[in-house]
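Report on one structure; see the data block that follows.
2 protein chains.
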Amino acid sequence: MTNYPNIAVDVVLFSYFEKALNVLLIQRNIAPFIGQYALPGVFLKEDEMADNAALRALKDETNVQIAYLEQLYTITDLHRDPRQRIISISYFGLVNQNDFTLSDGNEDASFVEWVNVNEIPTRLAFDHGEILEMALTRLRTKVQYEPIGFELLPEWFTLTELYDMYRIILQKEFDRRNFTRKVMSYGLIKKTEHKTGGHVGRKGQLYEFDLERYTELAKTGVYFEI
Amino acid sequence: MTNYPNIAVDVVLFSYFEKALNVLLIQRNIAPFIGQYALPGVFLKEDEMADNAALRALKDETNVQIAYLEQLYTITDLHRDPRQRIISISYFGLVNQNDFTLSDGNEDASFVEWVNVNEIPTRLAFDHGEILEMALTRLRTKVQYEPIGFELLPEWFTLTELYDMYRIILQKEFDRRNFTRKVMSYGLIKKTEHKTGGHVGRKGQLYEFDLERYTELAKTGVYFEI
DNA sequence: TCAAAAGTGTTCCGAATACACCCATGA
DNA sequence: TCATGGGTGTATTCGGAACACTTTTGA
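So the protein lines, in turn, are chains W and R. Position 176 of the first sequence, counted from 1, bears residue number 170 in the numbering used here, the numbering being contiguous throughout. Position 75 of the second sequence, counted from 1, bears residue number 69 in the numbering used here, the numbering being contiguous throughout.
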């Protein structure tokens, strides 16, 4: 099936590891904006839904399961691409902090990289800087009323890891004891039988997200709040 | 300029009057879905931004200022239109409760109507029922943390009118004194020198939305909450 | 004078906040 | 034994929720 030459699907994919929030960027090796960083993207195919195009854009670049994906915004500005008018349907996604590998690039990209959101190049290709800004705002807002933050962590995590992640995403300091109490009060995470190890210091209790409990709560419209 | 035959812009426009939340629907007089209710919509032109297309879709049907307009969602399902694949970029808008007239219809629509959201026909054309559902959810959510509700009221309004509107939009009963206190505490509305009249009972103090105060608050990131 | 709409204060309870020390472990 | 990371309780404050009667006006 052929592509729509006028509709692109671009994705802002976030990951969290080593106490940093990262976004997946590629370096373009074709015109326009050759050499500049950009978001992964593809042209929509004529028989393809945009969600699938977003997944396809990522499949070229990473080998991981996408834990969360939602539509972000559709930009219809006339001159955002110097070649011709291209409409961008943008997506916002999260991946689990599991081991995963990035590919070496493809025909569009000389390489693919996780970039710390605090170290994003000032000029990205097209209007991708604005799209990224929008995605960051959405992530920071949404993480506060829906438990999507868990999607960025591995299956088992300590309360400290969860706490650190929220601090880093929200760029805000808050009290660890109050955070713990609040998180536990929702009953959305449950103890596992496992503990951390392989590091100095006391072993940590590992928890997991209780999906069952969440879907139950979601039905009655109760919202997670940090 | 020609249209993109594969991209539609559809709008869910809300109004509030006579203690009811209403949505603008047209009755189609062309195929497909002839005779059924649908959302106002147009095909995107090749040199037109989607926001402008949304305004154009409304200009055919109403003679009022659109007080608020934001993008809702882009639907890319393959078979939502029986003729061919058409992508819909949907918008969500609000109009002031001023005097305004609806037009008599145009080539696509035999008539245009404000329909109470509690009396929406069960089957709308295309997937417009789902779009409308999404818009209602967005309105009900957003009205609780951004002061967009004011866009539905005339310039001057009483606290009772404001209170009734929130009750009706949110379909929830709450205490009028608590509501008043909360609304006043933001300083977002200010007394005018005018009072209601022409009805039985005590004259009511008329208030207006303080836009200046709002933009000031918005800068520092303070949010209105009901 | 009565019906209709407008206006207004206080108490109570629960949640958010502020705050600091002990525990377990491996090097 | 010490450096590192994990774990936990209480007092105070503030905001949300519950609750009912008086005032003004025009018919």
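By construction, the Cβ of each residue, glycine as well, lies at the ideal position given by its N, Cα and C atoms. All values reported here derive from a predicted model rather than from experimental measurement.
Short CB-CB distance (under 9 Å) between Met43(W) and chain R: Here residue 43(W) corresponds to residue number 49 of the first sequence, with the count starting at 1. Taking Cβ atoms only, chain R reaches closer than 9 Å to Met43(W), which makes this a yes.
At 8 Å on the CB atoms, spell out the chain R contacts of Asp71(W), in chain order. Sequence index remark: in the first sequence, residue 71(W) carries index 77 (1-based). The answer, in chain order, is Met43.
Could you check the C-alpha separation between Arg117(W) and Arg22(W) for me, to the nearest Å? Here residue 117(W) refers to the residue found at position 123 of the first sequence. Here residue 22(W) refers to the residue found at position 28 of the first sequence. Answer to the nearest angstrom: the Cα atoms are 13 Å apart.
Three-state secondary structure (DSSP) of Ala119(R): Translated into positions along the second sequence, residue 119(R) becomes position 125. Coil.
How about Val3(R) and Gly35(R): do their beta carbons lie closer than 9 Å? For this step, residue 3(R) is matched to residue 9 along the second sequence. For this step, residue 35(R) is matched to residue 41 along the second sequence. For Val3(R) and Gly35(R), yes; Cβs fall inside 9 Å.
Under 8 Å, with one C-beta from each stretch per pair, do the region 3 to 15 of chain R and the region 117 to 137 of chain R reach the 3-pair mark? yes
Spatial neighbours of Ile24(R) within its chain, please: C-beta separation below 7 Å, excluding the five flanking residues on both sides. Within the second sequence, the letter at position 30 stands for residue 24(R). Counting only Cβ-Cβ distances below 7 Å, and skipping sequence neighbours, we find Asp102.
The region 155 to 165 of chain R contacting the region 7 to 16 of chain R, beta-carbon criterion three pairs below 8 Å: yes
Mind checking whether Leu19(R) and Val106(R) have CB atoms under 9 Å apart? On the second sequence, position 25 is the one that residue 19(R) refers to. On the second sequence, position 112 is the one that residue 106(R) refers to. Yes.
Could you check the C-alpha separation between Tyr180(W) and Tyr201(W) for me, to the nearest Å? Within the first sequence, the letter at position 186 stands for residue 180(W). Within the first sequence, the letter at position 207 stands for residue 201(W). Using only the alpha carbons, I get a separation of about 14 Å.
What are the residues in the region 74 to 100 of chain R lying within 8 Å of chain W by C-beta distance? Arg79, Ile81, Ile83
Secondary structure at Tyr10(R), three-state DSSP: helix, strand or coil? Against the second sequence, residue 10(R) aligns to sequence position 16. Tyr10(R): strand per DSSP, three-state reduction.
Measure from the alpha carbon of Ile60(R) to the alpha carbon of each residue in Thr68(R), Thr190(R), Ile142(R), Phe218(R), then state which is nearest. For the purposes of this step, residue 60(R) is identified with residue 66 of the second sequence, where counting begins at 1. Checking every option, the nearest Cα to that of Ile60(R) belongs to Ile142(R).
Quick check: the Cα distance between Ser104(R) and Ser97(R), rounded to an integer number of angstroms? As a position in the second sequence, residue 104(R) is number 110, starting the count at 1. As a position in the second sequence, residue 97(R) is number 103, starting the count at 1. Cα to Cα, the separation comes out at about 10 Å.
Let me know if Val177(R) comes out buried or exposed under the rule of 16 or more other beta-carbons within 10 Å of its beta-carbon. Taking the second sequence and counting its residues from 1, one reaches residue 177(R) at position 183. Classification for Val177(R): buried.
Burial state of Gln78(R), where buried means 16 or more other Cβ atoms lie within 10 Å: Position 84 of the second sequence holds residue 78(R). Flag for Gln78(R) reads exposed.
Any idea what DSSP makes of Ile142(R), helix, strand or coil? For this step, residue 142(R) is matched to residue 148 along the second sequence. In this structure, Ile142(R) counts as coil in the three-state DSSP scheme.
Where the alpha helix (DSSP H) through Tyr67(W) begins and ends: Residue 67(W) sits at position 73 when you count from the first residue of the first sequence. Segment 60 to 69 is the beta strand (DSSP E) holding Tyr67(W); no alpha helix (DSSP H) there.
Residues near Arg170(W) by beta carbon distance below 6 Å, same chain, minus five either side: Taking the first residue of the first sequence as 1, we reach residue 170(W) at position 176. Here the set comprises Tyr157.
Between Lys197(R), His193(R), Lys166(R), Glu140(R), which lies nearest to Val216(R) when the distance is taken from Cα to Cα? By one-based count along the second sequence, residue 216(R) stands at place 222. Comparing Cα-Cα distances from Val216(R) to each of Lys197(R), His193(R), Lys166(R), Glu140(R), the minimum goes to Glu140(R).
Strictly under 9 Å for the Cβ-Cβ distance: is Thr68(W) near chain R by that measure? The residue labelled residue 68(W) in the question sits at position 74 within the first sequence. Judged by the 9 Å Cβ criterion, Thr68(W) is in contact with chain R.
Counting along the chain, where does the alpha helix (DSSP H) carrying Ala48(W) start and finish? Here residue 48(W) is taken as the residue at index 54 of the first sequence, counted from 1. Segment 44 to 53, the alpha helix (DSSP H) holding Ala48(W).
Which stretch, first to last residue, makes up the alpha helix (DSSP H) that contains Lys176(R)? On the second sequence, position 182 is the one that residue 176(R) refers to. Start and end: 170 to 179.
Which term fits Leu72(R), buried or exposed, when burial requires 16 or more other beta carbons within 10 angstroms of its beta carbon? Taking the first residue of the second sequence as 1, we reach residue 72(R) at position 78. Result: exposed.
Using the beta-carbon of each residue, which ones in chain W are nearer than 7 Å to Gln65(R)? Walking along the second sequence from the start, residue 65(R) turns up at place 71. Here the neighbours are Tyr67, Thr68.
Got a sec: is the Cβ-Cβ distance from Tyr62(R) to anything in chain W below 9 Å? Here the question's residue 62(R) lines up with position 68 in the second sequence. Closer than 9 Å: no.
Is the beta carbon of Ser82(R) less than 9 Å from the beta carbon of Phe120(R)? Position 88 of the second sequence, counted from the first residue, corresponds to residue 82(R). Position 126 of the second sequence, counted from the first residue, corresponds to residue 120(R). Their beta carbons are under 9 Å apart, which means Ser82(R) touches Phe120(R) by this criterion.
Could you have a look at Tyr160(R) and say whether DSSP puts it in helix, strand or coil? Within the second sequence, the letter at position 166 stands for residue 160(R). It is helical.
Quick test of your reading: Ala47(R) and Leu38(R), contact by CB under 8 Å. State the CB separation rounded to the nearest angstrom. Here residue 47(R) corresponds to residue number 53 of the second sequence, with the count starting at 1. Here residue 38(R) corresponds to residue number 44 of the second sequence, with the count starting at 1. Contact flag correct, Cβ pair sits at about 5 Å.
For chain W, is any of its Cβ atoms less than 9 Å away from the one on Glu40(R)? Taking the first residue of the second sequence as position 1, residue 40(R) is located at position 46. Output row for Glu40(R): interface = yes.
What's the gap between the Cα of Leu164(W) and the Cα of Arg134(W)? Sequence index remark: in the first sequence, residue 164(W) carries index 170 (1-based). Sequence index remark: in the first sequence, residue 134(W) carries index 140 (1-based). So the alpha carbons of these two residues sit roughly 6 Å apart.
C-alpha distance - Ser9(W) paired with Leu88(W), whole-angstrom precision: For this step, residue 9(W) is matched to residue 15 along the first sequence. For this step, residue 88(W) is matched to residue 94 along the first sequence. Cα to Cα, the separation comes out at about 6 Å.
Give me the Cα-Cα distance between Lys189(R) and Thr174(R), rounded to the nearest whole angstrom. Numbered from its first residue, the second sequence carries residue 189(R) at position 195. Numbered from its first residue, the second sequence carries residue 174(R) at position 180. Cα-Cα distance, rounded: 17 Å.
Under 8 Å by Cβ, that's how I've got Gly198(W) and Thr152(W) pegged, so tell me the actual separation to the nearest angstrom. As a first step, residue 198(W) is located in the first sequence; it is residue number 204 there, counting from the start. As a first step, residue 152(W) is located in the first sequence; it is residue number 158 there, counting from the start. That pair is a contact at about 4 Å.
To which residues of the same chain is Val111(R) closer than 6 Å at the C-beta, ignoring the five residues directly before and after it? Translated into the one-based positions of the second sequence, residue 111(R) becomes position 117. The answer, listed in chain order, is Leu15, Val17.
Just tell me which of Glu210(R), Thr209(R), Thr154(R), Ser84(R) has its CA closest to the CA of Arg196(R). To locate residue 196(R), count along the second sequence from 1; it is residue 202. Nearest C-alpha to Arg196(R): Thr154(R).
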